[in-house]
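A quick write-up on the structure given underneath.
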Amino acid sequence: MHDLVIRHGTIIDGTGRPRVVGDVAIDGGTIAAVGEVGGRGRREIDARDLLVAPGWVDVHTHYDGQVTWDPILAPSSWHGVTTLVMGNCGVGFAPVRPGQEDFLIELMEGVEDIPGSALHEGIAWRWESFPEYLDALAAMPRVLDVAAQVPHCALRAYVLGERAHDLELSADEIAAMARLTEEAVRAGAVGFTTSRTILHSSRHGLVPGTHSTPAELLALGGALGAAGHGVFEMVADLQGQEPDLSWMREFCRATGRVITFALAQTPMQPTAWRDTLACIDELAAQGLHIVPQVPCRPTGMLYGLQSSLHPFISHPTYRDELAALPLAERVGRMREPAVRARLLAEEPAVANPIARLLMTNWPGIFPLGDPPDYEPPAERSVAAAAERAGKRPEEVVYDWLLERDGRQLLFAPLANYVDANFDALREMMLHPRTVLGLSDGGAHCGLIADASMPTFLLTHWVRDRRRGERIPLERAVHLQTGNTAAVYGLTDRGTLEPGKKGDVNVIDLDALRLHAPEMVFDLPAGGRRLVQHVDGYRATIVAGQVTFEDGEPTGARPGTLVRGRAAQP
Ligand SMILES: [Zn+2]
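Read in order, the letters of the sequence shown are residues 626 to 1194 in our numbering.
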């Protein structure tokens, strides 16, 4: 008798191998058999005409705060994620000295747009050191497995106090940070992370460590080498180009560890990603593991009347008379011809030139719609629609924002959409050295809802894409399971093979459907966040226990903390 048998499913095992129709048996949280399973199961799931795939492994999230109060971890858990990695991009909540909690919250709020009031109310701070943070996470049951990384910002604040932003550090200070990193990684952190982008700032300016010297980065990276495991993750404007490339190469050579960074096709350098990938191929031939991290759709900002940004948000009339009104009332006022005329006659009053550019980039703003369209043709942009209608772009966008009772969202891809299609993205996703990531689950609550990326991989890339080539099912599943798990050394999961962890998704691919994202106000202190619902996940299973059935949580909490460890020789 098995604990659980999933019968007659179309098994996509996460290795990239071709699909087979068969059964999966799970005993004691571990996969016991795949193929034809003779014995009965205490529980059986009929998966005829359904996909049976490993649970998704999402390596780029920011649930570091939410994970301490919320056992469900939506929206990622709704989308079949069974393992998520947090602490990316240098921000997080451990280590922390008493009195520094507000500073770390301000960094997270500034960089990742998670409401500070929610973090204040939600986090209980039952730790000081990173190992204590891991213990606190391990003590709390939840629906899925989580893994944590050491964030550079918190580390700098812990060691340097008020001088967290300083560039010139003493050898002792660097050594102290390296020691703490090694201690954290030996305790089970699965990586170390940092930010090297001017896009990541808080009210204190660019986040601590943004311009850290190679000497500091190599010392901290060396801690991963000493501990024998762990990934070095960063988000960087240089995207693997010089001068970063030199120390990255040195890091890999000295430590043998993996480095991963966010790679994107940017409007300023639309073909640079190709050179980067060619360079990484060369380094790989020398045994150096640099793994560019790419998303499966453009990181898209969602402008709407409830979002953190939209084209009228800084207009004086909006700011002074409308912004504070409840949505329905605001929409009513905006429909008044006099108010419309007044707003359309004003200019954005925003000081930040980047924000201003983003809000008025008319060829790069599209209606998202319902069902949401993440690969809209250029003809559908605000600029194109305005030209066709003989109107100003501002008029078009104004009317769009009022659709769906003011809940319409406009899609503004930040990168990876220079050609108004996904062809570059597809090439990056299928490059043998990249890893899927950047869903940013749990973050950017007021502007981005990309935690649904694993679902989108199937709905768009495998099933629906019309504007170019798709991705074969087996390959897509491997990208979100076997490959993501392997990059992070999570060798006990990511494929459906005997001995691996019993984490499984049972999916009705024909019925898989992404809803339009929506703003909800369910974080602690009534904090808002964009979420995106989904239909079509028939069951999600973690360690052999069904955690979600037809989209509803079952109450099971088999999720634990995953501790990274050095591979056994
Ligand atoms: Zn991030």
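Just so you know, even glycine gets a beta-carbon here, dropped at the ideal spot from N, CA and C.
Given the structure is predicted, the values throughout are model-derived calculations rather than measurements.
- Does the Cβ-Cβ distance between V1159 and S1077 come in under 8 Å? One thing to note: V1159 has its Cβ within 8 Å of the Cβ of S1077.
- Query: What span of residues does the beta strand (DSSP E) with G647 cover, start to end?
  - Reply: Start and end: V645 to D652.
- Spatial neighbours of G847 in its chain, beta-carbon cut-off 7 Å, leaving aside the 5 residues before and after: Closer than 7 Å at the Cβ level, and outside the excluded window around G847, lie A803, A879 and T880.
- Backbone CA spacing between M1053 and D1065 [nearest angstrom]: So the two alpha carbons sit approximately 18 Å from each other.
- Query: Taking the Cβ atom as the reference point for each residue, do D648 and I631 lie within a distance shorter than 8 Å?
  - Reply: In contact: D648 and I631 (Cβ atoms closer than 8 Å).
- Give the single residue among G690, G1161, D695 and A980 whose Cα lies nearest to the Cα of G741. Considering only alpha carbons, the answer is G690.
- Task: Check each candidate in A1049, R955, P1123 and R1190 and name the one with the smallest Cα separation from H654.
- Result: According to the sequence as given, residue 654 is Gly; it is not His. Selected option, being the one with the closest Cα: P1123.
- Query: Cβ of R1005 within 8 Å of Cβ of P996?
  - Reply: For R1005 and P996, no; Cβs fall outside 8 Å.
- Name the residue from M711, L1034 and L1083 whose alpha carbon lies nearest to the alpha carbon of V815. Here the closest residue by C-alpha is M711.
- Message: Assuming the contact rule is C-beta atoms closer than 8 Å, Y928 and L1034 should be a hit. Round their C-beta distance to whole Å, please.
- Response: The beta-carbon distance between Y928 and L1034, rounded to whole angstroms, is 7 Å. This is short enough to meet the 8 Å contact definition.
- Task: Report the partner residues of I1166 according to the DSSP bridge assignment.
- Result: The bridge partners DSSP lists for I1166 are V1129 and V1171.
- Say the cut is 7 Å; is the CB of H687 nearer than that to a heavy atom of ligand 1? Yes, since a heavy atom of ligand 1 falls inside the 7 Å radius drawn around the Cβ of H687.
- Message: Applying the 10 Å Cβ sphere with the 16-neighbour rule, what's the burial state of I979?
- Response: Exposed, because fewer than 16 other Cβ atoms sit within 10 Å of the Cβ of I979.
- What is the DSSP secondary structure of M626, counted as helix, strand or coil? Note: M626 maps to coil in three-state DSSP.
- Which same chain residues, not among the five before or five after W1025, have their C-beta less than 8 Å away from its C-beta? Here the set comprises P992, V1007, Q1033 and L1035.
- Message: ligand 1 and V860: does any heavy atom of the ligand fall closer than 7 Å to the residue's C-beta?
- Response: For ligand 1, at least one heavy atom lies less than 7 Å from the Cβ of V860.
- So which of E793, T1165 and P1057 has the shortest CA-CA distance to A672? Considering only alpha carbons, the answer is T1165.
- Please classify I1073: is it buried, with 16 or more other beta-carbons within 10 angstroms of its beta-carbon, or exposed? Answer is buried; the Cβ neighbour count reaches 16.
- Using the beta-carbon count (16 or more within 10 Å), is I884 buried or exposed? By the 16-neighbour rule on beta-carbons within 10 angstroms, I884 is buried.
- Message: Once DSSP output is grouped into helix, strand and coil, what is the label at L1061?
- Response: In the three-state reduction of the DSSP assignment, L1061 falls in the strand class.
- Query: Y928 by DSSP, collapsed to three states: which one?
  - Reply: Reduced to three states, the DSSP call for Y928 is strand.
- Query: Below 8 Å, can you find three or more Cβ-Cβ pairs linking the region 948-956 to the region 1084-1096?
  - Reply: Touching, no.
- Message: Are there any heavy atoms of ligand 1 lying less than 7 Å away from the beta-carbon of C714, as far as the coordinates show?
- Response: Shortest gap from the CB of C714 to any heavy atom of ligand 1: under 7 Å.
- Does the distance from the C-beta atom of T693 to that of A782 stay below 8 Å? In this structure, T693 lies away from A782, with their beta-carbon atoms at least 8 Å apart.
- Between the region 1039-1050 and the region 889-907, do three or more beta carbon pairs fall short of 8 Å? Yes, they touch.
- Can you grab the Cα-Cα spacing for the pair V706 / V682, in whole Å? The straight-line gap from Cα to Cα measures roughly 6 Å.
- With a Cβ-Cβ cutoff of 8 Å, do C877 and L842 count as a contact? With respect to the 8 Å criterion, C877 and L842 are not classified as neighbours on the basis of their beta carbons.
- Message: Does the distance between the C-beta of D1065 and the nearest non-hydrogen atom of ligand 1 fall short of 7 Å?
- Response: Yes, since a heavy atom of ligand 1 falls inside the 7 Å radius drawn around the Cβ of D1065.
- Query: Comparing alpha-carbon positions, which option in P700, I656 and M626 lies nearest G664?
  - Reply: Of the candidates P700, I656 and M626, the one whose C-alpha sits nearest the C-alpha of G664 is M626.
- Report the three-state DSSP secondary structure of R1029 (helix, strand or coil). Residue state for R1029 is assigned as helix, using DSSP reduced to three classes.
- Environment of S939 [buried if 16+ CB atoms lie within 10 Å]: Looking at its Cβ environment, which holds 16 or more other Cβ atoms inside 10 Å, S939 is buried.
- Query: Just the Cα atoms here: how many angstroms apart are P988 and A800?
  - Reply: Between P988 and A800, the C-alpha separation is close to 49 Å.
- Out of curiosity, what's the CA-to-CA distance linking D1044 and Q918? Near 20 Å, if we compare the C-alpha coordinates of Q918 and D1044.
- Grab me the residues of T635's own chain with a C-beta within less than 6 Å of its C-beta, minus the 5 sequence neighbours each way, in chain order. Annotation for T635: R644, V646 and L676 place their beta carbon closer than 6 Å to its own, counting only its chain and skipping 5 residues before and after.
- Item | Those residues which DSSP pairs with S939 across a bridge | Partner(s): none; S939 has no beta bridge.
- Starting from A772, trace the alpha helix (DSSP H) both ways and give me its first and last residue. Unbroken run through A772 is the beta strand (DSSP E), D770 to A772; no alpha helix (DSSP H).
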